[in-house]
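Protein chains: 2
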Amino acid sequence: MIMQPEKGHFYAVGVGPGAPDLITLRAARLIEDCDVVVAPRSNRSEESLALRIAAAHIKGQEVLEQVYPMVRDQEKTRAAWAEVADWILPRLEAGKSVVQITLGDPLIYSTSAYLLEALAERVSPERLHIVPGISAMQAAAASFGLPLTLQEDRLTLMPATDLDAVSEALDRSETLALYKVGGGLPALRELLKSKGLLECSRLAYAVEQEGREQLFTNLDDVDASLGYMSAVLVHKAHKPWIA
Amino acid sequence: MIMQPEKGHFYAVGVGPGAPDLITLRAARLIEDCDVVVAPRSNRSEESLALRIAAAHIKGQEVLEQVYPMVRDQEKTRAAWAEVADWILPRLEAGKSVVQITLGDPLIYSTSAYLLEALAERVSPERLHIVPGISAMQAAAASFGLPLTLQEDRLTLMPATDLDAVSEALDRSETLALYKVGGGLPALRELLKSKGLLECSRLAYAVEQEGREQLFTNLDDVDASLGYMSAVLVHKAHKPWIA
C-alpha cells in the first residue's frame, strides 16, 4: 500500500497544518516524484503556505501557483477551479503526473474538493487520487494535550459561522472543533460563557506555523482580530462507557 | 517547528491507519531517534499493527510490546496503563527518550490518552508530547474520494454503539463518521435505510492495511462479521453557503 506517482495521474495531497515535518511520507514522495506541482493560494495571502511547507520536496518540477478568489459564491468558485482544471488536463493527457498540494487535509474544508469535482468530469476515477493530511484540529489537540475522543465520545467539526447550530452541537457532543472563527469570536465567547464552557475551551491560531502560531487556554486573552486561521476546541466531560 | 527527541521526554505518536507511508516525517524521525519504543497491542490481536507500520524505522531500539486488556472497565483499563507508566518512568528518569506508537491519531479513540493520563501524574507537561496521525476516517474518505466537509458542513465522529445517538447525529450533520461498527452493522443498516441514507453510506474495513482492506460502496454487500476495524461514512447533501 505504498503510493507511487503514475503517468497521467492526478494526486490531491494534504501537507498538514504548517510544520514541514507534519506531512506524510506518501505526500513527500509524491511531491518529489510528480512532474507538475499545483499550489493554490487565496487572493488574500501573499504566498502559498502549502508551497512553503512542501519546499524541501520541490526540485525543479513545473510549479503553478494559482490564485483563486476567496468568495462565498458557488459559481465564481467553480469557474475559478474549472480554469485550473483546464491548465492541468493537457498535462495529464501528455502523460505527466500532477500533484496539487493543499493545507491540512484535502477533504476537510479544502479547495481540493472543487478541483477534484472539475477534473472528475473529464478524467477517469482510477486516475484521481487523494492523500489525507493532518488537519488543524488534530494539531491543535496535540499542542494542547487534549483528547478529541475517548470511549463513547462524539466529536463535531463545524464552522463557527452559525451560532445557533454551534449551540445545538455543544449540547450533543463531548468535543467540538470550530473552524473559521475569525470575527465571530466575541459572540462565540459569549455563547460559551452562557453555557459555562469557557473553561473547557482553547483557541489555536496558525497552529504549527513557524513564527505565527499562538495558543490560548483562555479565550478572554484572544484579540478578536486574529482571524481566519483560528480553530477553537471545546472539550466537555467524557461520556462514560455504556454498560 | 521540527520536533527532535529530547532526553527524558515522552512522545505519543500516531502512525496512521496502516500503510507504512501514511506516517508523518515527524513520527518517522521520532521513532528512529528515540531510545525506547512502546508498542501496545490489545489482547485480541496477534501482533502490534502499529509496530508493523513503524518497522522500517526501528533499528535496535529497546521495544516494549505491551498487551493491554480490551475491556469496557475504567478501573481495569487505568490499572493496565499505570503498569506501562511504571515501566516507562525509570527510563525517562535515566534520561532516555521514549516513544509510544499508536494506530491512527493518539487523540482519536486511542489508548494513548490513558497512558498520557498516567504519565501526567508524575512527569512535567513540558516532557510530554503528542504527534498527530492520519485517522481511519480520513483514509477512508480519501479512498472513496468523498469530501468530509465543505463550506458550512458539520462532521460528526462517533462510535456506532448507541443507535439513538447516531439517529440524532444523522439529523444534525452533513457527514457522519462512525467507528466501532462491528456486530452492530445490521441494526445500523436498518436505521440508514429508514432514513433513506443507505445510498449515501460507505464502509471501509482495515483501510490502508495491506492484504486486509475492504471497501464497500453498498452496505448490503458487507458481511456483518467483519467487525471492529470498520468505519462507516454517511455523506448527505452539503449545506449551502450562508448568504
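Protein sequence lines, in the order shown, are assigned to chains X and U.
Just so we're aligned: 129 in the numbering used here is position 129 of the first sequence, and the numbers increase by one with no gaps anywhere.
Just so we're aligned: 390 in the numbering used here is position 147 of the second sequence, and the numbers increase by one with no gaps anywhere.
Glycine is no exception: its CB is placed at the ideal position from the N, C-alpha and C atoms.
| query | result |
| --- | --- |
| Around the Cβ of X/Gln74, are there at least 16 other Cβ atoms within 10 angstroms (buried) or fewer (exposed)? | exposed |
| At a CB distance below 8 Å, what residues from the segment 258–284 of chain U approach chain X? Give them in sequence order. | Gly259, Gly261, Ala262, Pro263, Asp264, Leu265, Ile266, Thr267, Leu268, Arg269, Ala271, Arg272 |
| Return the chain-ordered list of same chain residues with a C-beta closer than 6 Å to the C-beta of X/His9, the five sequence neighbours on each side being excluded. | Ser97, Arg127 |
| Between the alpha carbons of U/Arg295 and U/Ala282, how many angstroms are there, rounded? | 10 Å |
| Would DSSP call U/Ala486 helix, strand or coil? | Low local confidence applies: a pLDDT of 45 at U/Ala486 is under 50, so the model's placement there is unreliable, with the coordinate-based value given in what follows. Coil at U/Ala486, not helix or strand. |
| Around the Cβ of U/Val258, are there at least 16 other Cβ atoms within 10 angstroms (buried) or fewer (exposed)? | buried |
| Return no unless some Cβ of chain X is closer than 8 Å to the Cβ of U/Ala384. | yes |
| Okay, do the segment 159–172 of chain X and the segment 138–150 of chain X touch, 3+ Cβ pairs below 8 Å being the bar? | no |
| For X/Ser230, which of helix, strand or coil comes out of DSSP? | strand |
| Taking only beta-carbon atoms, is U/Pro248 less than 8 Å away from chain X? | no |
| Between the segment 200–216 of chain X and the segment 422–438 of chain U, do three or more beta carbon pairs fall short of 8 Å? | no |
| If X/Val232 sits next to X/Leu178, beta carbons under 8 Å apart, how far is it from one beta carbon to the other, in whole angstroms? | 4 Å |
| Does DSSP put X/Leu22 in a helix, a strand or coil? | coil |
| Residues in the segment 158–181 of chain X with C-beta within 8 Å of chain U's C-beta atoms, listed in sequence order? | Met158, Pro159, Thr161, Asp162, Ala165, Glu168, Ala169, Arg172, Ser173 |
| Smallest Cα separation from U/Leu298: which of U/Val310, U/Glu417, U/Val280? | Correcting the residue type first, residue 298 of chain U is Ala in the shown sequence and not Leu. Considering only alpha carbons, the answer is U/Val280. |
| Could you tell me the distance, in whole angstroms, from the CA atom of U/Met244 to the CA atom of X/Ala19? | 6 Å |
| State buried or exposed for U/Ala486, treating a residue as buried only when at least 16 other CB atoms are found within 10 Å of its CB. | Legend: pLDDT at U/Ala486 = 45, less than 50; position of this residue unreliable, value from coordinates given subsequently. Exposed, by the Cβ-count rule. |
| Using 8 Å as the threshold, is the segment 213–229 of chain X in touch with the segment 347–354 of chain U, meaning 3 or more CB pairs across them? | no |
| Hey, X/Leu203 and X/Thr175: beta-carbon distance below 8 Å or not? | no |
| Does the beta carbon of U/Met244 come closer than 8 Å to any beta carbon on chain X? | yes |
| So, for U/Cys497: in the same chain, excluding its five sequence neighbours on each side, which residues have a beta-carbon less than 7 Å away from its beta-carbon? | No information on residue 497 of chain U is available, as it lies outside the stretch 244 to 486 that chain U covers here. |
| Which value, in whole angstroms, describes the spacing of the CA atoms of U/Arg321 and X/Ala141? | 22 Å |
| For chain X, check one thing: does any of its Cβ atoms lie closer than 8 Å to the Cβ of U/Arg397? | yes |
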